[in-house]
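> Residue numbers (my numbering): 1 to 140.
1. Is it buried or exposed for residue 112, if we count other Cβ within 10 angstroms and need 16 for buried?
2. Just to confirm the assignment, what range does the alpha helix (DSSP H) spanning residue 128 have?
3. Quick check on DSSP: helix, strand or coil for residue 2?
4. How long is the line joining the alpha carbons of residue 41 and residue 27, rounded to whole angstroms?
5. Residues in its own chain within less than 6 Å of residue 63 by CB, not counting five upstream and five downstream?
6. Does the Cβ of residue 119 have 16 or more other Cβ atoms within 10 Å, making it buried, or fewer, making it exposed?
7. Please confirm whether residue 102 and residue 110 have their CB atoms less than 8 Å apart.
8. Hey, would you say residue 90 sits closer than 8 Å to residue 67, going by beta carbons?
9. Would you call residue 59 buried or exposed, if buried means 16 or more other Cβ atoms sit within 10 Å of its Cβ?
10. Assuming residue 71 contacts residue 39 (C-beta within less than 8 Å), just tell me the rounded distance between them.
11. For a quick check, are the C-beta atoms of residue 81 and residue 12 less than 8 Å apart?
12. Tell me the start and end of each unbroken beta strand (DSSP E) in the stretch 87 to 111 that is at least 3 residues and wholly inside, in chain order.
13. May I ask you to list the residues that DSSP assigns as paired with residue 57?
14. Please check the pair residue 9 and residue 45, which I expect to be a contact at CB under 8 Å, by giving their CB distance rounded to whole angstroms.
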């Protein structure tokens with residue numbers, strides 16, 4: 001997954017807002033600032049609309065907000081490890097590992113492949129533990 005995510009797409013140990021929409025906004029800005037999307041407003045609107053349909057929090061302190069948008073120029077994964085954690089609707093509480101998947105419109109196969117690859121990785125406790133312990137974005 002390294003080609004999908006770069007250190008500038010990783011936000012570690014920051015207060016990224018009180019709501020999931022605050023946090024998604026920060027991740028959308030990171031995607032635009034990394035030149036992976038051309039328009040923040042369009043990207044954020046797509047992510048907000050998708051998140052408003054169904055919560056993306058899953059057990060284990062993880063959330064995977066995702067969207068497709070014409071503003072996205074290439075499939076991208078951004079990650080946040082907020083402090084404090086932020087609720088994404090999971091029954092076990094706030095998320096402290098958030099993975100934002102942004103895919104171009106029409107890239108349905110790439111979007112699903114990225115989602116399934118990430119889901120398989122997240123099933124490995126060693127993977128999530130290493131992300132929770134990383135000291136720098138490069139180690140994430």
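Each residue gets a CB set at the ideal place from its N, CA and C atoms; glycine is no exception.
In short, the structure shows the following:
1. exposed
2. 125 to 133
3. Residue placement at residue 2 is flagged as unreliable, the pLDDT there being 42, under the threshold of 50; the coordinate-derived value follows with that caveat. The answer is coil: DSSP assigns residue 2 none of H, G, I, E or B.
4. 12 Å
5. 56, 57, 88, 95, 98
6. exposed
7. no
8. no
9. exposed
10. 4 Å
11. yes
12. 97 to 104
13. 63
14. Not a contact, Cβ separation roughly 20 Å.
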